[in-house]
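Residues 322 to 808 (my numbering) make up the sequence shown, in order.
Notes follow once the structure below has been shown.
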Amino acid sequence: MQLKLFKWIRNSLVVICCIIIQGASFASSNIEGIQVYQKTMHLSEKHKQKLADDIDRYQNADNLWETLREEFVLPHYEDNPYVQNQIQWFLTHQAFLQSAATRAAPYLYFILQQTRLRHLPAEVVLLPMIESAYNPFAYSSAGAAGIWQMMPNTASGLGVKRDWWYDGRRDIVASTRAALDYLSYLGSFFDGNWLLALAAYDTGEGNVLAAIKRNVRDNKNTTFWQLPLAQETRDYVPKLLALAAIISHPERYPVNLPSVANAPCLAQIDIGGQISLSRAAVLAGISLKKLKQLNSGYNRASTDPRGPFKIILPIETVEAFTTNLGGSALPADYVENTEDLEEPIIDKTPPKKDSYNITRELIEKLNIKYTMEPGDTLYLVREDDTIEKIATHFKIPVKALMAVNQLQPGDILAENTKLIIPTHKNQDVGMHKVSPGDTIYMVKKGDTIEKIANKFHTTPAAIRVSNLITENRLQTGDRIVIPSQMG
């Protein structure tokens, strides 16, 4: 997905996906698609009954595919040869459809509610099947991520948060809200012509407009089917129409899709503090892989220590999770598990061609401990060692060694202290090269890192990491690099 002319959405009204009842510690049913709970350590009998009713509703719900096919509103152009070709492809690749539908199952009800709130065609619910096969960890070679395949610049334009802890492009709630806001804009931009709007979601409204202008100039038809668009986009819209046609006519196109409950199956819980994902999985009684699938926006093994502190869980696990969380119940043989999924939850967007993002990877904040990378060295301090001697020996900057090991100026190294030497890329660590978009700033009297960060709309952590500053004091006249916020 690309974003060109779309700028106003950041300041437009935001449709809130989940309503939290003020003053309540337990959620009531809502139509937005995910039940929302505040931190609840001990459920009252009333709350337990309400939760039991919600679970019963989910377990006895109708099949969502039936509801979805009744709500489709677009013409599917089944007689069109391009659509027919895509229908035949899906029918001969039913394993793809089944696996994509299985991955989609936890999210479909929520996304359907969101399309209803924005009065979008129900066919939009199927778009992530075309984009990513509903895989929240999907990445394209161009750097798009998540079920909606957002590019980094698109995500920024839509207000989707991305940082060391979190990538909102992979977060089902955040990315869906942004993608549907963008689709609402495109539908309005093309005056309700959804074939053009869907094409623009794939290639950008600027490219669709250019194709329309070209056909107008050449006295040609300006419908989607006649536009001179890239082949990927010419296939993209028929794929969606073909998928909708297959779901609309199960008697005509027999495909076995897994049943999906037409009721909320997920709960979002604000637990009020940082938690490791492995501990949350144990408390909820589910596998770490399943928990990460539902909380796919998190980059790290824990939630951000600064918040928000929200975890999405299957609704059936809410009572067990809140009970165990309140009692901090963990099995006696519990071991912290920080293994990633088969799909890594790291940002694979091609890195900026500079060297300071290596240390940004090491330290987002100075009080976050660096974890050894493959190729690093664990060094045992000798009696006469100094920080400078060790840095010289391993050919790395002193400040890099100090930052990685959280050392302060004047610290004395005790014999047998273990130090991590970041030798996996020692030629780059800490040697910042100014890149296009970066700023060289001369420190003036009264400046602090926080003041400078606010001035340039960046973070103190980014400045510290870029310049390997391990303390807050700055000297008047010092030149420091302010990293660009591009990428």
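Yeah, the Cβ is synthetic: ideal placement off N, Cα and C, and Gly gets one too.
Since the model is a prediction, treat every value here as computed from it, not as a measurement.
Item, Value
"Y557 and A499 closer than 9 Å at C-beta", "no"
"Counted within 10 angstroms of its Cβ, other Cβ atoms place T413 as buried (16 or more) or exposed", "exposed"
"Same chain, Cβ closer than 7 Å to T797, neighbours up to 5 away in sequence not counted", "V764, K765 and K766"
"Extent of the continuous beta strand (DSSP E) run through P442", "P442 -> no beta strand (DSSP E), and no H or E assigned at all."
"CB contact below 9 Å: A466 versus chain C", "Chain labels in this structure do not include chain C; a single protein chain is all it has."
"Cα-Cα separation between I451 and L429, rounded to whole angstroms", "14 Å"
"Proximity of P457 and G464 at Cβ, strictly below 9 Å", "no"
"Rounded distance between the beta-carbons of L507 and Y522, thought under 8 Å", "6 Å"
"Three-state secondary structure assigned by DSSP to R483", "strand"
"Nearest to R424 (by Cα), restricted to the options Y762, N775 and K611", "K611"
"Burial state of I761, where buried means 16 or more other Cβ atoms lie within 10 Å", "exposed"
"Alpha carbon of A382 to alpha carbon of A582, nearest angstrom", "5 Å"
"Boundaries (first-last residue) of the alpha helix (DSSP H) holding I596", "Element bounds for I596: n/a, residue is neither H nor E."
"Identity of the residue in Q727, I708, Y700 and A721 nearest N737 by Cα", "Y700"
"Distance, F642 Cα to A601 Cα", "8 Å"
"Closest by C-alpha distance to F417, when choosing among R437, Q727 and V576", "V576"
"As assigned by DSSP and simplified to three states, the class of Q589", "strand"
"H778 burial status per 10 Å Cβ neighbour count (16 or more: buried)", "exposed"
"Where the alpha helix (DSSP H) containing R498 begins and where it ends", "I493 to F510"
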